[in-house]
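Shown next, in structure tokens, is the structure this report addresses.
Residue numbers (our numbering), protein chains in the order written: chain A, 1 to 188; chain B, 1 to 188.
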């Protein structure tokens with residue numbers, strides 16, 4: 001977290017993450033974030049509705065990337081194959097942000113209300129993936145179950161990745177997807 | 001929703017559901033709920049922290065029933081088999097509450113913040129099931145993925161059940177579990 005991005009949004013995000021880490025999330029104010037970034041509060045509010053949103057604005061980008069990948073999966077792909085394409089499309093996005101994600105996770109882990117927000121974000125992405133599967137002709141409940149299974153894989157993979165030193169999201173997704181396949185194939 | 005339960009908690013819950021349905025969730029006050037139940041506001045607050053909790057207090061009971069069933073599954077049960085036991089243990093609980101659950105769902109569907117609260121409730125139950133699987137010796141990420149897959153099945157089954165006229169939760173869980181097995185076995 002040493003190089004300062006040139007765009008205001010990136011500067012505000014980096015300033016916020018620094019202050020959250022140095023002084024704690026609760027003690028950090030929007031005024032403080034703007035000051036650290038060398039920008040005004042007004043600029044802050046042009047990019048984020050509040051300090052919490054600094055931690056979550058990436059969610060929309062994530063959703064858009066996953067949905068786009070699912071849409072461009074070959075028509076003959078199985079539902080699970082299409083979901084795998086959606087997950088594979090975001091591994092690089094994560095690997096580029098490994099130290100930032102680790103700092104962010106420390107803050108999330110300490111705040112139950114941020115964990116709820118994170119859960120809601122994942123629910124929204126699962127809903128978007130369900131819609132995208134339906135648009136490919138996958139019926140219900142298949143579409144919803146495949147999307148939810150994919151998000152379950154993503155959450156387990158993310159938990160593994162964010163705690164690891166290396167930050168190889170692709171390997172974590174493969175391991176978790178293979179594990180899900182194994183527990184289902186072991187039967188009831 | 002016509003017979004009045006004799007216990008205060010049940011009376012308050014029924015009064016709240018009637019008022020939520022008649023006048024809307026936002027327009028209903030704790031004072032109004034207590035009045036309709038023939039009880040005091042003080043009694044209300046002995047049972048619920050606010051009107052929102054009237055919709056969610058069943059979550060703890062649900063979690064306890066699922067965890068107990070998972071714990072008493074035979075030691076040789078597979079992780080998925082143990083999760084199936086947890087889901088099967090709550091079907092009667094739901095079927096007894098079908099009209100109440102349908103009325104509740106109308107309110108949840110109309111309020112995004114209640115949907116977030118519902119998602120957080122399911123996340124907590126998934127966490128409790130993960131712990132219970134670990135206690136049976138299931139390693140990670142297997143435990144987390146099996147629990148999350150089970151909750152995905154539960155959520156799809158519930159969505160089907162709450163919208164159906166008959167209210168046969170057991171059939172909905174079997175259909176959704178079989179669908180998950182099918183989409184995984186179809187491969188990627």
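We treat Cβ as the ideally placed atom computed from N, Cα and C, and that holds for glycine.
- Which residues mark the beginning and the end of the alpha helix (DSSP H) in which residue 186 of chain A is found? First-last for residue 186 of chain A: undefined, no H or E at that position.
- Message: Taking the alpha carbon of residue 98 of chain A as the reference point, which residue from A:175, A:13, A:166 has its own alpha carbon closest?
- Response: A check of alpha carbon separations from residue 98 of chain A across A:175, A:13, A:166 identifies A:166 as the nearest.
- Item | Three-state class that DSSP yields for residue 192 of chain B in the structure shown | An answer regarding residue 192 of chain B cannot be provided, because it is not within the stretch 1 to 188 covered by chain B.
- Item | C-alpha gap between residue 173 of chain B and residue 185 of chain A, whole angstroms | One C-alpha to the other measures close to 18 Å.
- Measure the Cβ-Cβ separation of residue 193 of chain B and residue 157 of chain B and say whether it is below 8 Å. With chain B running from 1 to 188 in the structure shown, residue 193 of chain B is simply not present.
- Say whether chain A places a C-beta atom closer than 8 Å to the C-beta of residue 84 of chain B. Residue 84 of chain B belongs to the set of residues whose beta carbon lies under 8 Å from a beta carbon in chain A.
- Message: Taking the straight line between their C-alpha atoms, what separation do you get for residue 58 of chain B and residue 178 of chain B?
- Response: Rounded to the nearest angstrom, the two C-alpha atoms are 27 Å apart.
- According to the Cβ coordinates, are residue 47 of chain B and residue 9 of chain B closer than 8 Å? In terms of Cβ geometry, residue 47 of chain B and residue 9 of chain B form a close pair [threshold 8 Å].
- Item | Option nearest residue 108 of chain B by Cα separation, candidates B:13, B:20, B:87 | Residue 108 of chain B has its Cα closest to that of B:20, out of B:13, B:20, B:87.
- Query: Where do the N-terminal and C-terminal ends of the alpha helix (DSSP H) with residue 88 of chain B fall, by residue?
  - Reply: Annotation for residue 88 of chain B: the continuous alpha helix (DSSP H) segment containing it runs 79-88.
- Verify the CB distance criterion: does residue 134 of chain A have a CB-CB separation below 8 Å to chain B? Residue 134 of chain A does not count as touching chain B.
- Hey, is the region 75-88 of chain A in contact with the region 139-146 of chain A, meaning 3+ C-beta pairs nearer than 8 Å? Result yes; three or more Cβ-Cβ pairs closer than 8 Å.
- Task: Apply the 10 Å Cβ neighbour rule to residue 27 of chain B and answer buried if 16 or more other Cβ atoms are within range, or exposed otherwise.
- Result: Counting C-beta atoms within 10 angstroms of its own C-beta, residue 27 of chain B has fewer than 16 neighbours from the protein chains shown and is therefore classed as exposed.
- Message: Residues of chain B with CB closer than 9 Å to the CB of residue 163 of chain A, please, in chain order.
- Response: Chain B residues near residue 163 of chain A: none, gap ~11 Å exceeds 9 Å.
- Message: Here's the rule: buried if 16 or more other CB atoms are within 10 angstroms of the residue's CB, otherwise exposed. What is residue 130 of chain B?
- Response: By the beta-carbon neighbour count (other beta carbons within 10 angstroms, threshold 16), residue 130 of chain B is buried.
- Message: Within 8 Å of any Cβ in chain A, is that where the Cβ of residue 173 of chain B sits?
- Response: So, not an interface residue.
- Distance, Cα to Cα, residue 175 of chain B vs residue 39 of chain A? Cα to Cα, the separation comes out at about 55 Å.
- Message: Closer than 7 Å between beta carbons: that is the criterion. Which residues of the region 102-128 of chain B meet it against chain A?
- Response: Residues 116, 119, 120, 123.
- Query: Do you know offhand how far residue 128 of chain A's Cα is from residue 105 of chain A's?
  - Reply: If I take the Cα positions, the gap works out to 24 Å.
- How would you call residue 126 of chain B, buried or exposed, if buried means at least 16 neighbouring beta carbons within 10 angstroms? With 16 or more other Cβ atoms within 10 Å, it is buried.
- Task: In the DSSP assignment, find the alpha helix (DSSP H) that holds residue 9 of chain A and state where it starts and stops.
- Result: Element bounds for residue 9 of chain A: 8-23.
- Task: Could you please give the first and the last residue of the uninterrupted alpha helix (DSSP H) stretch that includes residue 47 of chain B?
- Result: Note, residue 47 of chain B: alpha helix (DSSP H), 41-47.
- Query: Which of helix, strand or coil does DSSP assign to residue 138 of chain B?
  - Reply: It is coil, neither helix nor strand.
- Message: Please list, in chain order, the residues of the region 149-161 of chain A that have any C-beta partner in chain B closer than 9 Å.
- Response: Residues of the region 149-161 of chain A whose Cβ lies closer than 9 Å to any Cβ of chain B, in chain order: 149, 151, 152, 153, 155, 156, 157, 159, 160.
- Item | Within chain A, the residues that residue 166 of chain B reaches when beta carbons sit closer than 8 Å | For residue 166 of chain B, there are no C-beta contacts with chain A under 8 Å, since the nearest C-beta of that chain is about 17 Å from it.
- Message: DSSP three-state label for residue 50 of chain B, please.
- Response: Coil, per DSSP.
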